[in-house]
Amino acid sequence: MRNLKDKLKVEEENLNIELEESHGDPNKMKVALEKKINLYIRFLKEDDLSDLDRLRLENKREWALCHHLILILEKENSKKITDLTKRVYRLEKAVQLD
Numbered sequence: 570m571r572n573l574k575d576k577l578k579v580e581e582e583n584l585n586i587e588l589e590e591s592h593g594d595p596n597k598m599k600v601a602l603e604k605k606i607n608l609y610i611r612f613l614k615e616d617d618l619s620d621l622d623r624l625r626l627e628n629k630r631e632w633a634l635c636h637h638l639i640l641i642l643e644k645e646n647s648k649k650i651t652d653l654t655k656r657v658y659r660l661e662k663a664v665q666l667d
């Protein structure tokens, strides 16, 4: 059990470093978060976890999923805002030409 926790801690720390080194790049952050989610899923399959450890891992997995979804939504919203801004600009330009 202790070995399992140590292994999780090491892998989790490596992924935290990877997240820090992404310097806010959404694509790199998504990859690191996906790795974290898969890490938690992999460790949740272990039979010798206590209920508390299982709950902690599930919470960490949910947290990583939420942040992953936020990154996806931010990218989609940013694209929509950019597209709308371009359309408004073209409409304003067309009105000025008339």
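For the sequence shown, the working numbering puts the final residue at 667, and the numbers step up evenly by one. All residues carry an ideal CB built from backbone N, CA and C; glycine is no exception. Just so you know, these numbers come straight off a predicted model, no measurement behind them.
Residue i to residue j span [Cα, whole Å]
{"i": "G593", "j": "L613", "result": "28 Å"}
{"i": "P595", "j": "E587", "result": "12 Å"}
{"i": "T651", "j": "I610", "result": "36 Å"}
{"i": "H637", "j": "N607", "result": "12 Å"}
{"i": "L573", "j": "E589", "result": "24 Å"}
{"i": "S647", "j": "I639", "result": "12 Å"}
Residue i vs residue j beta-carbon contact at 7 Å
{"i": "S591", "j": "K599", "result": "no"}
{"i": "A601", "j": "L624", "result": "no"}
{"i": "A633", "j": "K605", "result": "yes"}
Given residue i as reference, the closest of the options once Cα atoms are compared
{"i": "E631", "options": "N646, L653 and E603", "result": "E603"}
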